[in-house]
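Enquirer: Residue numbering for the sequence shown follows my numbering, starting at -15 and increasing by one per position.
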Amino acid sequence: MTWVRFLTAIVIAPPVLIAVFMLAPQFFALMVGAVILMGAWEWSRLAGIDSRRLRSIFVGGVAMALWIVWLIPDPLKMAILLLGVVWWGVALGLVMGYPLSIESWRGPWRKLISGWLVLIPAWTGMVVLKTHVQADWLLGLLLFLIWGTDVGAYFAGRKFGKTKLAPQVSPGKSWEGVWGGIALGLVVACVVGWSLGLGSTEAWMGLMVTCLVTMAASVLGDLYESVIKRQSGYKDSGNLLPGHGGIMDRIDSLTAAAPIFALCVMAGAF
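1) Counting pairs of beta carbons, one from the region 146 to 160 and one from the region 201 to 215, are three or more of them closer than 8 Å?
2) My output table needs one value for T239: the three-state DSSP class, helix, strand or coil.
3) Measure the alpha-carbon distance for A24 versus G190 and round it to whole angstroms.
4) Contact check, A137 vs T239 under 8 Å by CB: the rounded distance?
5) Considering only residues of the region 125 to 156, which uninterrupted beta strand (DSSP E) runs meet the minimum length of 3 residues and lie entirely inside it, listed in chain order?
6) Just verifying my parser: in three-state terms, what is the DSSP assignment at V158?
7) Would you call K157 buried or exposed, if buried means 16 or more other Cβ atoms sit within 10 Å of its Cβ?
8) Please work out which residues of its chain come closer than 8 Å, Cβ to Cβ, to V135, disregarding the five sequence neighbours upstream and downstream, and give them in chain order.
9) CB A101 to CB W71, shorter than 8 Å?
10) Taking M6 as the reference, which of S40, T115, I20, W27 has the closest Cα?
11) The alpha helix (DSSP H) spanning E87 covers which residue range?
12) Let me confirm a value: G227 is counted as buried when at least 16 other C-beta atoms fall within 10 Å, else exposed. Which label applies?
13) If you run the structure through DSSP and keep just helix, strand and coil, what is T115?
14) Taking only three categories from DSSP, how would you classify S221?
15) DSSP on G181, reduced to helix/strand/coil?
16) Is L30 helix, strand or coil when you go by DSSP?
17) Is the beta carbon of G32 closer than 8 Å to that of P92?
18) Are F128 and T194 closer than 8 Å when you measure CB to CB?
19) Provide the residue span of the alpha helix (DSSP H) that contains A63, from first to last.
20) Helix, strand or coil: which one does DSSP assign to G227?
21) Quick check on A205: buried or exposed, where buried means 16 or more other Cβ atoms within 10 Å of its Cβ?
22) Taking its Cβ as the centre, do 16 or more other Cβ atoms sit within 10 Å of R234, making it buried, or is it exposed?
23) Leaving aside the five residues before and after A187 along the sequence, list all residues of the same chain whose C-beta is less than 7 Å from its C-beta, in chain order.
24) Can you name, in chain order, every residue of its own chain whose Cβ lies under 7 Å from the Cβ of A3, other than the five neighbours on each side?
25) CA-CA distance, C174 and A140?
26) Taking the continuous alpha helix (DSSP H) assigned at A49, which residues delimit it?
27) Compare the C-beta of W93 with all C-beta atoms of chain D and state if any pair is closer than 8 Å.
28) Taking S216 as the reference, give the member of M110, V162, E26, V176 with the closest Cα.
29) Would you grab the beta carbon distance between G145 and G161 for me? Rounded to a whole angstrom, and I think it's under 8 Å.
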């Protein structure tokens, strides 16, 4: 129900924004890490692992990986972001070719490996952005791009949606919804660009291209999780958040958007 989704969003948005703007990098990394580990627990279920012991081992492996990433030098963090971006290129092919493309993924292990490639670069991207001199603006822009795309797509899709985006994967999504989401996201990008005082045409173009790629990635993240849920036979990744499903249902867009956005930022796109 829409009102349940709205009330849940009102409850969870303030703590997220407080963490973004007020927490020191190490505490921010811990908070985002906790969310990623909850997502890992849900992902192991979507992968078809029923044993709580095996699911705990998977979560523990993700936790160890996050700790290692925290310790490695920045150039290696960039390599992890690049690996994440390459993975999402593979995921795009899986989504576009569904259901034939996913036939060989019926076993759990490939899904578990893909879970690593989904979750760890996302955490890395958030942590890297938090160390940037303009961390507050950048993290705020990333989150509001994703939220704006989601909200714009929801309402534009309900009002104008006719052309299905990926009917085999997510029948409720439409191209009209995507364009509505992107339009709202670009408004957010313009507000942030103006607030940052971007002056040159090159900087504005870099910002807009980065935001467009990020929003496209957020849609892909949503669709890829839908593929995994469809093959696993689950409607939601969990039931932790009323009206929203599980943690993965809320961070699926972020998992794809964060590494791409962070890589663009660190490459000096704007």
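Backbone N, C-alpha and C define an ideal beta-carbon position, used for all residues, glycine too.
Expert: If we stick to the structure as given:
1) Three or more Cβ pairs drawn from the region 146 to 160 and the region 201 to 215 lie within less than 8 Å of each other, which places the two stretches in contact.
2) Residue 239 sits at position 255 when you count from the first residue of the sequence shown. In this structure, T239 counts as helix in the three-state DSSP scheme.
3) Here the question's residue 24 lines up with position 40 in the sequence shown. Here the question's residue 190 lines up with position 206 in the sequence shown. Here the alpha carbon of A24 sits roughly 33 Å from the alpha carbon of G190.
4) For the purposes of this step, residue 137 is identified with residue 153 of the sequence shown, where counting begins at 1. For the purposes of this step, residue 239 is identified with residue 255 of the sequence shown, where counting begins at 1. About 17 Å; that fails the 8 Å criterion.
5) Within the region 125 to 156, the runs of beta strand (DSSP E) at least 3 residues long that lie entirely inside it are, in chain order, 148 to 150.
6) Within the sequence shown, residue 158 is the residue found at index 174, counting from 1. First, the amino acid is wrong: residue 158 is Ser here, not Val. The DSSP-derived three-state label of S158 is strand.
7) Your numbering for residue 157 matches position 173 in the sequence shown. K157 is buried by the Cβ-count criterion.
8) Your numbering for residue 135 matches position 151 in the sequence shown. Cβ-Cβ distances below 8 Å link V135 to G165, L168 in the same chain, with the five nearest sequence neighbours on each side left out; the list follows chain order.
9) Taking the first residue of the sequence shown as position 1, residue 101 is located at position 117. Taking the first residue of the sequence shown as position 1, residue 71 is located at position 87. For the sequence presented, residue 101 should be read as Leu rather than Ala. Result yes, Cβ atoms of L101 and W71 sit closer than 8 Å.
10) Counting from 1 along the sequence shown, the entry for residue 6 is found at position 22. Nearest of S40, T115, I20, W27 to M6, Cα basis: T115.
11) Taking the first residue of the sequence shown as position 1, residue 87 is located at position 103. No alpha helix (DSSP H) contains E87, which DSSP labels as neither H nor E.
12) Within the sequence shown, the letter at position 243 stands for residue 227. Its pLDDT being 49, under 50, G227 is placed unreliably by the model, and nothing is read from it.
13) Along the sequence shown, read from residue 1 onward, the residue named residue 115 stands at position 131. Coil.
14) Locating residue 221 in the sequence shown gives position 237, where the first residue counts as 1. In the structure shown, S221 sits in coil (DSSP, three-state: anything other than H, G, I, E or B).
15) Your numbering for residue 181 matches position 197 in the sequence shown. Judged by DSSP in its simplified three-state form, G181 adopts coil rather than helix or strand.
16) One-based indexing of the sequence shown puts residue 30 at position 46. If DSSP states are grouped into helix, strand and coil, L30 belongs with the helices.
17) Locating residue 92 in the sequence shown gives position 108, counting from the first residue. Locating residue 32 in the sequence shown gives position 48, counting from the first residue. By the CB criterion at 8 Å, P92 and G32 fall inside the cutoff.
18) On the sequence shown, residue 128 is found 144 positions in, with the first residue counted as 1. On the sequence shown, residue 194 is found 210 positions in, with the first residue counted as 1. For F128 and T194, no; Cβs fall outside 8 Å.
19) Locating residue 63 in the sequence shown gives position 79, where the first residue counts as 1. 58 to 80 is the extent of the alpha helix (DSSP H) around A63.
20) Position 243 of the sequence shown, counted from the start, is the residue given in the question as residue 227. No answer about G227 holds up, because its pLDDT of 49 lies below 50 and its placement is not dependable.
21) Within the sequence shown, residue 205 is the residue found at index 221, counting from 1. Going by the sequence as given, residue 205 is Gly instead of Ala. It counts as buried.
22) One-based indexing of the sequence shown puts residue 234 at position 250. R234 comes out buried.
23) By 1-based counting over the sequence shown, the position of residue 187 is 203. Cβ within range, chain order: F254.
24) Residue numbering aside, residue 3 sits at position 19 when the sequence shown is read from its first letter. Only residues of its own chain outside the window of five on either side were considered, and among them F12, M15 have a CB closer than 7 Å to the CB of A3, listed in chain order.
25) Walking along the sequence shown from the start, residue 174 turns up at place 190. Walking along the sequence shown from the start, residue 140 turns up at place 156. Using only the alpha carbons, I get a separation of about 20 Å.
26) Translated into positions along the sequence shown, residue 49 becomes position 65. Element bounds for A49: 36 to 55.
27) No chain D appears in the structure shown, which is made up of a single protein chain.
28) Position 232 of the sequence shown, counted from the start, is the residue given in the question as residue 216. Looking at the Cα atoms, E26 is the closest of the given residues.
29) The count along the sequence shown starts at 1 and reaches residue 145 at position 161. The count along the sequence shown starts at 1 and reaches residue 161 at position 177. The Cβ separation is near 5 Å, so the contact holds.
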